[in-house]
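Asks: In my numbering, the protein residues as written are 1030 to 1721. Heads up, the beta-carbon is just placed ideally off N, CA and C, and yes, glycines get one too.
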């Protein structure tokens, strides 16, 4: 089997390692043949003696690099160069020797194993190993070849072992009692302090949830967990009151949120501590006895009468005195006022429900010793209605009656309104004034539904005799005290058709048939036109009249005299200039009736109230007196005189010597120096020490 040779690796002998020998039967030993070697490593790793065919390894070989070499050998005749035999292939195998120690794939291994674990490939040598005692371990592992026999090689590696955490430790408070303080003015949500329970575990095994289990302040305080620091934050839940309670005691629990059922037998995974919170006193503003006040007052209440009271007190232990005031921004008209000592509200001005039925004011309570401490409360004041307004017609009625009207015919339905609002609703009564109780032309019928019907009492009316009738009607209400007023209906007499539709109510229609023909009317119009033309011509001629020059000759050196023909109309002339600027704008009054002249108004029937059986005599006399005082048709008449306005008073007051002091020696004239440069001369004359 010459075609396979074996060679040891890593040969370290003094000579080259002999591999084998090639030989052919054609070799007679005469040197005519030549051996040639080709293939893997021929000529470099392996050399052959061309005369003898011996093969040697020229270098040290490593099986781990190449374990097999394939070579080809041939023998040729030196003289002819021909092969004496066909080329043949052979193999050289490298035998392995133990020249490499075992090597680990990594220089260092890292492994983790839960603490308290059981047996594994790499297992704990001690039972119940605790991560909290030691977390990191380093182990060196050796590997030997040849089954560990003598002469074998070995390799080592390092394994870093980390014990991972399990939740085998409960949280523990480092102290059993904590103390905090809070001012009583702290609003809800204010943090007071932090507490923390320690847990040797890490990660989610060390997460803690805090809660208040019980205590006398469990409803006044709250606790939350800070997820970053695992601390419990105690906050205010409700408003505190030092005067009510000064000290609270809370029982706080710290519990693991992630428990491990394998270690529940070790005990409860929670701990308890007590938190004491003391409340600090602060100066608080006054507190009213109610959140708001509602006061009802009659609109006829007298000025100065007390309508209600607000009460406030200092909640602090010092019990400072309180003073009250009305916020004038809510009572600009200063209708109400308050006694600063006891909080009693009273009226300063008359009330009018019809103008303002509600008043919403604000009362301020302030500590006397500390004005910065104040509080305010809304006060709603309702004005109760009093029957102080008389009913009156709801509308202005334009009433007419047909000339061909029949007796008992309805010509108008009237209704009334009243500014008052009685609780039972309005109830009005209508009747004629006593002087016209039995009217020859018209009558009034109360419909009992707050309306009344105006009826005719005779057949036929004539515009030529009477074109307008005045019908005074008294309207009563049903509240106490009873109020009444008199309204006058103006009833015109009109021409109507057969159906009662009005055709004409003008008095001119009566004048045409009285004797003025169409020709007469045309003549009157022509006369008016002629008069107008004459006036226009006269005006035009007057404008064309040439005026004489004021200075006749240029040589006239006399003083120029300017003549104004317009002399004005005297005191009654208001065309030259507007005298309104001379009138005192503060004293002007519009629509004043002159009492020295009969008013140019329709004659108003004097309002009278009929006598009733139960009316008081004194009340009747006062009503009659009031009606006569308010009657504009009876003298004497008021007269409004207008005087020129001379302006307001001077700030310097009067400088007349009539008002000077009798003894001039005591007069002080230093104030003249404050009046400006116009009075400097007087100040110099009278302001000196030696003034006479």
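For residue 1223, which residues from the same chain have a beta carbon less than 6 Å from its beta carbon, with the 5 sequence-adjacent residues on both sides left out?
Replies: 1260, 1262
Asks: Let me confirm a value: residue 1355 is counted as buried when at least 16 other C-beta atoms fall within 10 Å, else exposed. Which label applies?
Replies: Here residue 1355 is buried, its C-beta having at least 16 other C-beta atoms within 10 Å.
Asks: Am I right that residue 1514 and residue 1451 are in contact with their C-beta atoms under 8 Å? What's the rounded C-beta distance?
Replies: No, residue 1514 and residue 1451 are not in contact; Cβ-Cβ is about 16 Å, not under 8 Å.
Asks: Once the 5 residues before and after residue 1139 are set aside, which same chain residues still bring their CB inside 7 Å of it?
Replies: 1189
Asks: In the structure shown, what three-state DSSP assignment does residue 1715 receive?
Replies: helix
Asks: Going residue by residue through the segment 1227-1271, where are the continuous beta strand (DSSP E) segments of at least 3 residues, counting only ones entirely within it?
Replies: 1237-1244, 1250-1255, 1260-1265
Asks: So, is residue 1569 buried or exposed, given that buried needs 16 or more other C-beta atoms within 10 angstroms?
Replies: exposed
Asks: Looking at residue 1446: is its Cβ nearer than 7 Å to the Cβ of residue 1503?
Replies: no
Asks: In three-state terms, what does DSSP make of residue 1418?
Replies: coil
Asks: For the segment 1075-1086 against the segment 1041-1061, do three or more pairs of beta-carbon atoms, one drawn from each stretch, fall closer than 8 Å, so that the two count as touching?
Replies: yes
Asks: Would a C-beta distance cut-off of 7 Å place residue 1312 and residue 1201 closer than the cut-off?
Replies: no
Asks: Once the 5 residues before and after residue 1343 are set aside, which same chain residues still bring their CB inside 7 Å of it?
Replies: Taking C-beta separations shorter than 7 Å and ignoring five residues to either side along the sequence, the partners of residue 1343 in its chain run 1315, 1349, 1351, 1396, following chain order.
Asks: Taking the CB atoms as reference points, tell me whether residue 1372 and residue 1340 lie closer together than 7 Å.
Replies: The Cβ-Cβ distance between residue 1372 and residue 1340 falls below 7 Å.
Asks: Cβ of residue 1479 versus every heavy atom of the ligand NAP: is any distance shorter than 6 Å?
Replies: By its list of ligands, the structure shown contains no ligand whatsoever, and the ligand NAP lies outside what it can speak to.
Asks: In the structure shown, what three-state DSSP assignment does residue 1623 receive?
Replies: Its pLDDT being 48, under 50, residue 1623 is placed unreliably by the model, and nothing is read from it.
Asks: Check for me: the alpha helix (DSSP H) holding residue 1658 runs from which residue to which?
Replies: 1646-1658 is the span of the alpha helix (DSSP H), which, as asked, contains residue 1658.
Asks: Have a look at residue 1647 and residue 1511 and give me their C-alpha separation to the nearest angstrom.
Replies: 15 Å
Asks: Could you check how far apart the C-beta atoms of residue 1413 and residue 1309 are, in whole angstroms? I think they sit under 8 Å.
Replies: Between residue 1309 and residue 1413 the Cβ distance is about 48 Å, and since that is not below 8 Å, they are no contact.
Asks: Can you check which of these residues, 1660, 1123, 1534, is closest to residue 1493 by C-alpha distance?
Replies: 1534
Asks: Could you tell me the distance, in whole angstroms, from the CA atom of residue 1066 to the CA atom of residue 1102?
Replies: Residue 1066 and residue 1102 have their C-alpha atoms spaced approximately 5 Å apart.
Asks: Can you give me the C-alpha to C-alpha distance between residue 1249 and residue 1381, rounded to a whole angstrom?
Replies: 50 Å
Asks: Can you tell me whether residue 1364 is helix, strand or coil according to DSSP?
Replies: coil
Asks: What is the DSSP secondary structure of residue 1534, counted as helix, strand or coil?
Replies: coil
Asks: On a CA-only basis, which of 1550, 1253, 1566, 1091 is nearest residue 1125? Give me that one, please.
Replies: 1091
Asks: Relative to the alpha-carbon of residue 1238, which residue among 1287, 1366, 1330 has its alpha-carbon at the smallest distance?
Replies: Among 1287, 1366, 1330, the Cα nearest to that of residue 1238 belongs to 1287.
Asks: Taking 7 Å as the CB-CB limit, is residue 1091 close to chain C?
Replies: This model lacks chain C altogether; it includes just one protein chain.
Asks: Assuming residue 1251 contacts residue 1213 under a Cβ cut-off of 8 Å, what Cβ separation, rounded to an integer in Å, is found between them?
Replies: With a Cβ gap of about 17 Å, residue 1251 and residue 1213 do not count as contacting.
Asks: Let's test the definition: count the other Cβ atoms within 10 Å of the Cβ of residue 1060 and tell me whether it reaches 16, buried, or not, exposed.
Replies: exposed
Asks: Taking 7 Å as the limit between beta carbons, can you name the residues of its chain near residue 1422, skipping five residues before and five after?
Replies: Hits under 7 Å: 1443, 1445, 1516.
Asks: Counting along the chain, where does the beta strand (DSSP E) carrying residue 1387 start and finish?
Replies: 1387-1396
Asks: Roughly how many angstroms separate the alpha carbons of residue 1484 and residue 1378, rounded to a whole number?
Replies: Cα to Cα, the separation comes out at about 47 Å.
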